[in-house]
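Participant: If you read the sequence shown in UniProt numbering, its first letter stands for residue 1, the second for the next number, and so on. Don't be surprised by glycine CBs; every beta carbon is placed ideally from N, CA and C.
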Amino acid sequence: ESSLKVTGIDFLKSQNTRQHHTDGYNINNLVVRRGQPFEVQVNLNRELRAADKLSLRFGIGENPMKNRGSLLSLKPEREDFNGWRISVVKKNGRECVLSVTSSPSAAVGKYNLHVKTGTNIYKPENGVIYLLFNPWCEDDAVYMANEAQRKEYVLNDTGSIYVGSAYSIYDRPWNYGQFEEFVLDACMYLLDKSKLSLADRRDPANVSRAMSALVNANDDSGVLLGNWSGTYISGTSPMDWIGSVTILQKYYKTKKPVRYGQCWVFAGVLNTVMRCLGVPSRCVSTFDAAHDTEENLRVDVYLNERGEKLNSLSLDSVWNFHVWNDVWMKRKDLPEGFDGWQAIDSTPQEQSQGRFQCGPCPVKAVREGDVYLPYDSKFVYAEVNADRVYWVVKKVNGKDKYFKVGTETQEIGKNISTKAVGQNRREDITREYKYPEGSKEERKSMQRAYSFIRPVGLMPRSGYASTVEALSGSIQPLVPKEQITKTGLHLDITNTEALHPGNPLEMAITVKTSTPGNWTVDITGSCQLQYYTGKVLANLGTIKETINLEGTSEMQIPLKIAPDAYMKTLSSVEDEVLILVTAIAEVKETNDKLTKETSMRFEYPPITVQMPETAKLYNDFTCSFIFKNKLNVTLENCKLLVEGLGIFKMTAFDQGDIMPGRIMKSEVICTPTRLGEKKIVAKLISNQIKGISAEKGIIIT
1 ESSLKVTGID FLKSQNTRQH HTDGYNINNL VVRRGQPFEV QVNLNRELRA ADKLSLRFGI
61 GENPMKNRGS LLSLKPERED FNGWRISVVK KNGRECVLSV TSSPSAAVGK YNLHVKTGTN
121 IYKPENGVIY LLFNPWCEDD AVYMANEAQR KEYVLNDTGS IYVGSAYSIY DRPWNYGQFE
181 EFVLDACMYL LDKSKLSLAD RRDPANVSRA MSALVNANDD SGVLLGNWSG TYISGTSPMD
241 WIGSVTILQK YYKTKKPVRY GQCWVFAGVL NTVMRCLGVP SRCVSTFDAA HDTEENLRVD
301 VYLNERGEKL NSLSLDSVWN FHVWNDVWMK RKDLPEGFDG WQAIDSTPQE QSQGRFQCGP
361 CPVKAVREGD VYLPYDSKFV YAEVNADRVY WVVKKVNGKD KYFKVGTETQ EIGKNISTKA
421 VGQNRREDIT REYKYPEGSK EERKSMQRAY SFIRPVGLMP RSGYASTVEA LSGSIQPLVP
481 KEQITKTGLH LDITNTEALH PGNPLEMAIT VKTSTPGNWT VDITGSCQLQ YYTGKVLANL
541 GTIKETINLE GTSEMQIPLK IAPDAYMKTL SSVEDEVLIL VTAIAEVKET NDKLTKETSM
601 RFEYPPITVQ MPETAKLYND FTCSFIFKNK LNVTLENCKL LVEGLGIFKM TAFDQGDIMP
661 GRIMKSEVIC TPTRLGEKKI VAKLISNQIK GISAEKGIII T
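#1: Alpha carbon to alpha carbon, what distance is there between K535 and T409?
#2: Could you give the first and the last residue of the continuous alpha helix (DSSP H) run that contains Q19?
#3: Can you tell me where the alpha helix (DSSP H) holding E636 begins and where it ends?
#4: Between the beta-carbon of V40 and the beta-carbon of L12, is there less than 8 Å?
#5: Measuring straight from C-alpha to C-alpha, what distance separates R662 and R426?
#6: Could you tell me the distance, in whole angstroms, from the CA atom of K440 to the CA atom of R388?
#7: Out of T671, I689 and Q688, which has the shortest C-alpha to C-alpha gap to residue 730?
#8: Taking only the alpha-carbon atoms, compute the straight-line gap between G93 and I429 and give it to the nearest angstrom.
#9: Determine contact between the stretch 651-658 and the stretch 621-641, defined as no fewer than three beta-carbon pairs at a distance below 8 Å.
#10: Report all residues from its chain with a CB closer than 8 Å to the CB of T485; omit the five preceding and five following residues, and keep chain order.
#11: What does a CB cutoff of less than 6 Å around L54 pick up in its chain, not counting 5 residues either side in sequence?
#12: So Y390 packs on L303, CB below 8 Å; how close in whole Å?
#13: Do L131 and H21 have their C-beta atoms within less than 8 Å of each other?
#14: Pick helix, strand or coil for A682, following the three-state DSSP scheme.
#15: Looking at I416 and A267, is the spacing between their C-beta atoms short of 8 Å?
#16: Could you spell out where the alpha helix (DSSP H) holding R367 opens and where it closes?
#17: For V392, which residues of its own chain have a beta-carbon under 6 Å away from its beta-carbon, when the five flanking residues on both sides are left out?
#18: For E597, which residues of its own chain have a beta-carbon under 6 Å away from its beta-carbon, when the five flanking residues on both sides are left out?
#19: Among the candidates V299, K330, V323 and N43, whose CA atom is the shortest distance from the CA of R202?
#20: Buried or exposed, going by whether 16 or more other CB atoms sit within 10 Å of the CB of N548?
#21: If distances are taken between C-alpha atoms only, which option among Q528, L225, D300 and H500 comes closest to L540?
#22: Please state the DSSP three-state secondary structure of Q351.
#23: So, for N26: in the same chain, excluding its five sequence neighbours on each side, which residues have a beta-carbon less than 7 Å away from its beta-carbon?
#24: Which residues in the same chain have their Cβ closer than 7 Å to the Cβ of I493, if we skip the five residues on either side of it in sequence?
#25: Do T418 and C283 come within 8 Å of each other at the CB atom, strictly closer than that value?
#26: Along the chain, where does the alpha helix (DSSP H) that runs through E138 open and close?
#27: Starting from W391, follow the alpha helix (DSSP H) in both directions and report where the run begins and ends.
#28: On the CB-based measure, 16 or more other CB atoms within 10 Å of its CB, does P477 come out buried or exposed?
#29: DSSP three-state call for K332: helix, strand or coil?
#30: Assess contact between the stretch 133-146 and the stretch 276-291, defined as three or more Cβ pairs (one per stretch) separated by less than 8 Å. Is contact present?
#31: Could you give the DSSP three-state label for N629: helix, strand or coil?
#32: Does the Cβ of S234 have 16 or more other Cβ atoms within 10 Å, making it buried, or fewer, making it exposed?
#33: For Q688, is the classification buried or exposed, using 16 other Cβ atoms within 10 angstroms of its Cβ as the cut-off for buried?
#34: Nearest CA to the CA of P257: which residue from R298, V273 and L224?
#35: Provide the residue(s) that pair with T418 in DSSP beta bridges, ordered along the chain.
#36: What are the residues that DSSP puts in a beta bridge with S571?
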């Protein structure tokens, strides 16, 4: 009697991947999601009989062993093995179709499939099966009930990341590209590199924490090296990326950290990695995000007597914006009530358990003030809830003395933003992270958080405490109130003309009082250029004026900066910088003090993208980019970056210098290789300007 032998295996790829929503992955192997059946067809040398022994063996890792749970030997119709089971679906002569259902809590990763018949073992080519998290499966910890959300947070491979400042938010298009060639392999490489145990690979909380560590290069030569210096000669400037694909492909090829990233790049790449592994994920931008190094819920800002912010003294900082990620999951390791969105952050800011990693931290824990819950909830809470305290540093008898000129309790953690589901617009999710400022629930949550954090009294930083006269009554009340001044003093900072590079910057400080009386107000105002991390790059100008206001009245004080004062600095750094205006008002009669700062971004002429609304698969079409330099300055060393997933591979085109009034027109030929809605993203960068981007959609039929 001839022994049973396998002659071939068909992984029924197109049927399986369609059912598992994995048909987008650009890879030869079978990619399936856990907890959901898939079918394989086994071809045999003869018909299968009742007495025949046939088993499928799935092995994961270097040296799969049954007793370690890394080798699963599955026999049809037998009891399940570690939550896996197989059954014969149909027999047709020498063909036999088997249905395999993995456990909804199986370890995620690459499995080798062998088929054992009697004593024979068959090893198919391309026998490696990729098993991912499954948001479509109710028993998976990442289950997401809403189909529109799954489409956005798992399957959408493009999106927008919100940046700028609270005063002027704008979106940067970003290509996540989780289905592109080598991206899934790069994610699997990171999983192996993470050294997570098999048990840890079952839980999305552990996997997302490990990925937050591996997307930055610190302590484990992960994907991206952070750099905030302003010069990026030895790599790619963070502003020059328009997606994660090039970064992950380069990393997978070289296995060395890619240079360079800043927060939106880290978040863009981590978003790609999480969506690629099957965990619903979104990029989240917080404006005026605190980086509170001492976890005392306070960020101190030091100003000189001209009202200019000083870099040197502050260990803490307020970033104009910071981008991290939310991932969706059940937290089986926590008490009830903390499932849903969890914040994770791969920008290397602070070490957590000895590594640069952050999260997952339940967004609900941040809102409720439950900042004792893992992971890193104190840090995330401070990012969106710290107070900002302003100090003026004055020389008194040759020594620095610090004078408090204002406290803001409602300015940190504003306009928390993500891309809306199924639409190209910003959705404000601040309410998921915080109760309304000043509400009863906010007070309760704050008292809860303070009971775990114990903020210190209102003194300048520990390092400078020696120069401070003890401030009487300086212990902070449990719930700080917004300052109510005797004069009803209020400050507003606006721009009165469009902020175009090459033009004078025209801004105004509006001072208002609202109580009866004659008030003499000293106004100090300054204008500086700063990085988005709050680090000052250049001082551009200051004003000092004394004005008289009576009762309810207001006065506008202009602040004007000539182009010569800033254009050189603007061209010398490779980052997009912001205009920071700080104003200090002091009322002589009552000693009321108030400080306000506003960051604004430069405004640029747009790029126009022209292409057809639809195109046919594999039929070329033309896409053109038109840019008119409406500025008064020549844009030097212009580069146009273009990428369209499934239609055009990332390419940079040198455009030379574009003189004022000149029009740049550039055309590319696109070849669509995939069906459905696709997008082309373009970005123009020059010495003077870093942030002009545009996108346009097309439907491929």
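Facilitator: In this structure, then:
#1: 21 Å
#2: K13 to Q19
#3: First-last for E636: L635 to G644, but that is the beta strand (DSSP E), not the alpha helix (DSSP H).
#4: yes
#5: 33 Å
#6: 22 Å
#7: The chain is shown from 1 up to 701; residue 730 falls before or after that span and cannot be answered.
#8: 58 Å
#9: yes
#10: V587, T590, D592 and L594
#11: T117
#12: 6 Å
#13: no
#14: strand
#15: no
#16: V363 to E368
#17: L303, F403 and V405
#18: T582
#19: K330
#20: exposed
#21: Q528
#22: coil
#23: F179, E180 and E181
#24: M507, I509, V581, A583, K596 and T598
#25: yes
#26: Note, E138: premise wrong, no alpha helix (DSSP H); not H, not E.
#27: Taken as a continuous stretch (DSSP letters only), W391 belongs to no alpha helix (DSSP H), being part of the beta strand (DSSP E) at D387 to V396.
#28: Residue placement at P477 is poorly supported in this model, since its pLDDT is 37, which falls under 50; the coordinates still yield a value, given next. Exposed, because fewer than 16 other Cβ atoms sit within 10 Å of the Cβ of P477.
#29: coil
#30: yes
#31: coil
#32: exposed
#33: buried
#34: L224
#35: E427
#36: None, per the DSSP bridge assignment.
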